[in-house]
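Student:
Protein chains in written order, with this note's numbering: chain U, 2 to 987; chain A, 2 to 987.
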């Protein structure tokens, strides 16, 4: 907590703030004055949380609605759920009854609302606004709003638009008379034209892991800098989400450090005070500028992604990068203000805020440091806090307005952020103008303990030990340079270890594991188990089983949890081996290791839960307990596509429940299985509890048929799965039990895109779902069902985005698409592509390296939903696009499959989402997100129909399949004597 | 609550009680004076609940321990668990270390303890005690203690012993000089010889349902009365558990009403004040005696089965017959005292109690009614409260001592009851002598709100409606005459309805259901479904399925609960139909209906639990829900042996989870299936949700193979079960899912009898388990494994007990053994009997009626555990006895089976019980009780190995088999906006 304001600075800040407040309070900013429909809705939303959510979501979807009927339907769907009892909503209720009649009015109102924040580029409107601002006088910086960039084509178009704007504005501004308050600085005249640029808009996908991002963005930024320098304009690089921050700073500094840009253009970068990192970033930047002997601008803002940063970090299990208390951010803002002003020798500071207290503090701090009014500037958003702006201008400040330009409706995501900012409980503007807080509380010094901003949804610090609650293992954060560097080193180290992996030390048959990106490279060799050895292994397991069954659930859970610890230590190496053995990209390989750790920890805890016997009913006369015991010997038959996670999951489940496991990994990934065995042993698992049998399908078949196997856990293809089921449930002489089969098979997963979908998101998620790991996931999207209206638009953007992908060895993070697993897979996929070219229209087909098992991503459109392309599992990077008349038709097509594993929809219609929940019958349905990458406990995973038998890995019912329940009933009466504790209440 | 004592009576009672107390307080009764090992253990047990339990249980098992080693082992097993930290237990700890050395000491001590309460009949000891008592002076009544009666042979021996005692005592007492205080009454001299008789000891099994009980007991009681009349002795009929009370009173009165006994003998009956019924029983008895113009004695006691009565009633769900508060019983005792004294014209009242307050109240009440001291008597137990007895004698009262005679160790159950009485927290003696409560609180008038006796384990009143917690349906209480009469009427009514059941109204094939006790009697006819009709039914179900799936869990649960209500209304008729259709006895038939009701109510509630979608993790960015959906069309293939319960259970599970059901009942019980269908329809189940397909195995086979069936729920034989599994898991063209099989198969269930078992209990439970419903239960005991030492003793008693069973049509409740289901079954069982006669030694084989499918119960001994007799399921009344060297060997034999459904052990060794819990691997293990009759929720039921697949009917995991889990994940972020409720803590 900061000490209360007692010194003279604080007194000066408060005095200035009060003076500004008195001035500003005479006016109300336009947002809070609106008396039309949306103005009223905003008023109500201040009072009612559910209305606020509905309102924001409705505004969010509006741009995608093409007809009045659609607007009317969405209005009804969003607001019919809101509690109409609120008296203020009578009007809204009437509007709903009016149905589609109200739609044009609504659209007009939203456009009107948008116009308060966004300036249309067309029709001279921009010039008018700029001229008016100049009269205040206020400077400006332009921000281009619109769709997100998802392809190289779009990135290139965005760059062209920036260049065009620079040139046009230079012409417009050339005629303006000079105005000292906004044109002068300590270091002379400053550019009148100022453009804000988001680096993510300059490439197909801004990804710090992909070195291509840096190359491309740098090149496009260079051109912008070059043009700005030529025209004498200024450029500010905007700051986006935390994951982009380091790379954004790097690109900004490295380009500016180039000889060409040492003098020009005027360049600035935005920094966010809500980041815990911000202080060190500011210090670094000042040091860098001094070393470079170059002035740069810094726009200090508080940050606009607070909700998302918390949500994303929580989802990944990463540290929350932002302060959780609003007061902490306010205090940080003041600290950074002073820091920037102290760097005045190289920094042109700009303070972006609407908070009178923060701004007054900046002005007073500058004054105390002897920095004149033209030595820094104040920045504010267009359409917001106009009275504050006027007060600052009257105070003689240089004020720059941040001015979004673009089409109104596509700029809606910008509008939403502004609405959020204005209507959040902690918004200074809301507190001032809507809640009418008293001036003293509004302008008091930020004290960390004041606000109600504590966020309890934030994960507690991770804890080790199996008795703590389960927490998903956080993936490696590859947006951090040190992690990228470490993984590069690990890849080298692992490659160097290939030759040590499996030297032929004995006779028998051997299996070679090769790098699918370079099949000449042998990753390792393993000895194949003979059928005699399989029988010996069963014998060993049977001998050991009673002992293993006899260990406590605690003991077994502890071994799993210890194995998770070992895996954490080896996670870098494990992921690196996986890149080479099965051709996974970095993130995918790491995710597989993460998931394996999750299975170990989750099943350990699940067993602790299930390991407790429960008394079924409290009875005086009888003690009835219900508890679980293991089944016996489990055969684990695992696939190569998640070579660590799935093998670990099935094996861990078998072991922790007290079964002895015989692991039969896929022939394509024997080395990952070896690693798992080592890890389990290192964690203290007795040798005989789990044995590894390397080899091909004949070993699996032998295990499945053996009368001494109790349980088969299988993940793989449908045909093999169905055969296993038939064989396992065929009773054989010598068998004294019914076998149990835990079985996950294939998928032919569909994603539906509704007419009102957010296409910016849909394109990115569809690419990940369809082409991540070359489509070699049972959960991968292989059918894309597009509603008629959205079909062409989405397909065009998607095709462009896919064409932006690079294909090549996955050890190079530039490559989004790697090889398929082996020669057979390549041939099979190639056959399907040939078939597709006959059956449908090929929209995308890309060249791929000839060496290695590469196949470029393929998109077919106009696919018949009954055709083989749409019905058979291809297990490769092939996406079939099917056109649907309407949402019902889309669901019908989606369900028209013998598979039912995953599925997805992109829609912003509450009714369609609800309908999909009920009627899109797949094991895992994903709404407005990718359809792969189920997380343990969070998304219990498994399919219906011929995709599986309904067992869900990583879910609460999974372990039950490995157990058998028993009941023991003991008569507690002995000659009429009941133990007194049993007579008591339970 | 009673009003506090203000009147003169109360003052007189208190004054007398104080006087008696002062007198008695000078001495301590012998139990609380003991300074030897057991005396000390009793002292400690007053302080420590767990020691008390251990002590009682140890004393309970002691008589069955034949060697010092055994005594030592049990000592250790019982007391090693007790908390030795208690300082007083140092001695015990030492004794344990001394091991078997201490065994003879312990046995000697227990004998010594027993001698305080029980008089040995042999060696002149009885005469000594009687002579000593007479000197006090105190009268006596003898009570014979020993093993329970479980066969006609034993009943007859007990009667002979009573007769012998009457004769011997008459001789002994003839020489005694007269003593007015105890020999005189208002109505002249009273008999010196007084014998207390338990009616349950006069027949093989005292069962109010069995009219044979009344016949046999009446006849034996008549002989006792006749001899007593001849000898001038008195007989008192003791009162046992509540279930025996009505019949005991009936027999007592009806025999006394016979002309022969109108004048003699002196006869009395005991009544228990803790019974809520006691007041009306006393009134009835007085009225009866007045009508009969006959004096009878009534011994008023408080009652010695309090724990058990509560436990039994709770177990059955019947009303608790006893008062729950000790004060209520005390108050009841005083009310009844006055009532009896007011019936002084016909009643010779005897007040049996050790409670000074209760006794003082009786004395004062008599005085107030003008009844002189010789107009009533006081009774007290031998070995207890001697100072109170002396005080009463000195007060001039006629005191009679209740004197148990018999062998010390077999009389131990009597000893336990006495120990319980003395050491219970509410015991007057304990409060007086051990807890040393002050006199005022000891003798105050019973006020209902005083005691801590409230028993919270008592079930709450039954509630209807599926939203209330689950409660097992109470069975019909056939110990009540009105229920017996109602069932007789129902049987007649149902038989009259046979001809209406299934007239041939259409063509096609018809099936006749016959009464297995009289195959000429046709219970009903049903039309067999053709395979075309089966296909149509599947079609209908598929059409209806989406609608049924779409109904809410609440709605479906409500229909089940409503069906349970309909079933309750029809329960009498349903049970009666079952008696005729499948040859079940009354209780078994009623139990089947009860279980069917339980399934409906339990699964309804289970579905409410499972019907709630759960959020898997609280995340701001994503809403992840996990929920269940039905699988589709379920084929229900049910057996005839629980024709309502199993069919209802499987069908209810399928329906409530939202599957459409096709019921295929056994051909032997089509009528019960018809009834179920009617009930479901009456409860509002849509017609197409459940269809009935009558016929033979070809229909089941067709359903199992159909590619349109999703789930098969089967209960039946192993061979059919294994075939169903193989067929169901063989994928067939047109099938777009993996079928699920819920499968319960046979059993070859073993009961182990340990050397220390309570044979009284074991014999009864083994008969029920092996021969109940003619052994036609998958849970029936078919192997009896006897430890060497106990083998001959148990087998002899068991054989005698079995020979006491009557065989014949089950509609007559006299018959414990009815017919097997059909001609094939009879032939199959007969073949096994022939085989048994070759393989083993036939111990019991009984004649059975030739008409109908009757087979008398058979016991084979010396059975080889590997023989067919010991390995194959016979499904009839055949029990194979196998001899085991020791407990480990017994477990080994028990587990040596491909089946593992139920099992049982009778043992009082904590270590053996623990070992059995772990190593006796069956689905349902029962300890010291019968191994059939699993109760829904209480004992989830199902087998392991080739008995089943581990699904447990009536358990928490059962419904999961009928469901498939789904996960839906919705991205909750929209352009960075997170709904505020998701950001909050969960």
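Don't be surprised by glycine CBs; every beta carbon is placed ideally from N, CA and C.
Runs of 3 residues minimum, wholly inside the stretch 612-696 of chain U: which ones carry the beta strand (DSSP E) assignment?
Tutor: Qualifying beta strand (DSSP E) stretches, in chain order: 623-631, 634-638, 661-665 and 691-693.
Student: Secondary structure at residue 458 of chain U, three-state DSSP: helix, strand or coil?
Tutor: Legend: pLDDT at residue 458 of chain U = 40, less than 50; position of this residue unreliable, no value from coordinates given.
Student: Starting from residue 380 of chain U, follow the beta strand (DSSP E) in both directions and report where the run begins and ends.
Tutor: 377-382
Student: So within the stretch 552-598 of chain A, which uninterrupted alpha helix (DSSP H) runs reach at least 4 residues, ignoring any that extend past its ends?
Tutor: Within the stretch 552-598 of chain A, the complete alpha helix (DSSP H) runs of at least 4 residues are 554-570 and 572-583.
Student: Looking only at its own chain, which residues have a Cβ that is under 6 Å from the Cβ of residue 125 of chain A, when we skip the five neighbours before and after it?
Tutor: none
Student: Name the chain U residues that come within less than 7 Å of residue 946 of chain A, Cβ to Cβ?
Tutor: 737 and 738
Student: Can you pull the chain A neighbours of residue 1 of chain U, defined as C-beta to C-beta under 7 Å?
Tutor: A question about residue 1 of chain U goes unanswered here, because the residues of chain U that appear run from 2 up to 987.
Student: Below 6 Å CB to CB, which residues in the same chain sit around residue 130 of chain A once its five sequence neighbours on both sides are set aside?
Tutor: 120
Student: Would you say residue 19 of chain U touches the ligand ATP, meaning its beta carbon is less than 7 Å from a heavy atom?
Tutor: The ligand ATP is absent from the structure shown, which contains no ligands of any kind.
Student: Just by C-beta distance, which residues in the stretch 193-204 of chain A are closer than 9 Å to chain U?
Tutor: none
Student: From residue 957 of chain U to residue 647 of chain U, what does the alpha carbon distance come to, in whole angstroms?
Tutor: 17 Å
Student: If you measure from the beta carbon of residue 343 of chain A to each beta carbon in chain U, is any gap under 8 Å?
Tutor: no
Student: Roughly how many whole angstroms lie between the Cα atoms of residue 976 of chain U and residue 414 of chain A?
Tutor: 6 Å
Student: Comparing C-alpha positions only, which one of A:192, A:72 and A:172 sits nearest to residue 181 of chain A?
Tutor: If we check each option's Cα against that of residue 181 of chain A, A:192 comes out closest.
Student: Can you tell me which of A:248, A:296 and A:241 puts its alpha carbon nearest to the alpha carbon of residue 273 of chain A?
Tutor: A:241
Student: Who are the near neighbours of residue 849 of chain A in its chain, counting only those whose CB is closer than 7 Å to its CB and skipping five residues on each side?
Tutor: Cβ within range, chain order: 808, 855, 856 and 857.
Student: Tell me which residues of the stretch 953-971 of chain A have at least one Cβ-Cβ distance to chain U shorter than 9 Å, keeping chain order.
Tutor: 953, 956, 957, 958, 961, 964, 965, 966, 967, 968, 969, 970 and 971
Student: Does the distance from the C-beta atom of residue 945 of chain U to that of residue 922 of chain U stay below 8 Å?
Tutor: yes
Student: Tell me which same chain residues have a C-beta within less than 8 Å of the C-beta of residue 28 of chain A, skipping the five on either side of it?
Tutor: 387, 388 and 391
Student: Can you tell me whether DSSP reads residue 147 of chain U as helix, strand or coil?
Tutor: coil
Student: Taking a cut of 7 Å between CB atoms, which residues from the stretch 292-313 of chain U lie near chain A?
Tutor: 306, 308, 309, 311, 312 and 313
Student: Applying a beta-carbon distance threshold of less than 9 Å, which residues of chain A neighbour residue 924 of chain U?
Tutor: 965, 966, 967 and 968
Student: Go through the stretch 278-304 of chain A residue by residue and report every complete run of the beta strand (DSSP E) that reaches 3 residues or more, in order.
Tutor: 297-302
Student: Could you give the DSSP three-state label for residue 520 of chain A: helix, strand or coil?
Tutor: strand
Student: Can you grab the Cα-Cα spacing for the pair residue 708 of chain A / residue 727 of chain A, in whole Å?
Tutor: 14 Å
Student: Give the straight-line distance between the Cα atoms of residue 546 of chain A and residue 955 of chain U, rounded to the nearest whole angstrom.
Tutor: 30 Å
Student: Any beta carbon from chain A within less than 8 Å of residue 452 of chain U's own beta carbon?
Tutor: Because residue 452 of chain U sits at a pLDDT of 37, beneath the cut-off of 50, its placement in the model cannot be relied upon, and the point is left open.
Student: Mapping the DSSP letters down to three states, classify residue 600 of chain U as helix, strand or coil.
Tutor: helix
Student: Among the candidates U:592, U:297 and U:299, whose CA atom is the shortest distance from the CA of residue 577 of chain U?
Tutor: That would be U:592, whose Cα lies nearest to the Cα of residue 577 of chain U.
Student: Under a CB-based cut-off of 8 Å, is residue 855 of chain A close to chain U?
Tutor: no
Student: Report the three-state DSSP secondary structure of residue 242 of chain U (helix, strand or coil).
Tutor: In this structure, residue 242 of chain U counts as coil in the three-state DSSP scheme.
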